[in-house]
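Residue numbers (my numbering): 1 to 73.
Cβ atoms here follow ideal geometry from the backbone N, Cα and C, with glycine treated the same way.
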Amino acid sequence: PNLEISPVLFKSKVSQKSNVGAVTYANSITLTPGTITLALNDDSVEVHALTVGAADEVISGRMDRRVCKMEGK
């Protein structure tokens, strides 16, 4: 397969109201193909993505909103 690899390091906001929610969000990023959470801070996660598309998926905030919904936020 021909995958356009263009590694990206970036930070993304964490909107969860509990530590469990934030850890769930960080883990969800790691489980997403092409991304891994490097660090979880109070209000953000540091992420490495193999492609710009994978980074855009995290930056879009869809997973963040899903985990917030799971938390009842």
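{"Check": "Count the other C-beta atoms from every protein chain shown that fall within 10 angstroms of the C-beta of V20, then say buried if there are 16 or more, exposed otherwise.", "Outcome": "exposed"}
{"Check": "For S44 and K13, which I take to be in contact (beta-carbon distance under 8 Å), what is that distance rounded to the nearest angstrom?", "Outcome": "6 Å"}
{"Check": "Going by CA-CA distance only, name the one from Y25, V47 and I36 that's closest to C68.", "Outcome": "Y25"}
{"Check": "Which residue or residues does DSSP assign as beta-bridge partners of V8?", "Outcome": "A49"}
{"Check": "Identify the continuous alpha helix (DSSP H) that holds L31 and give its terminal residues.", "Outcome": "N19 to L31"}
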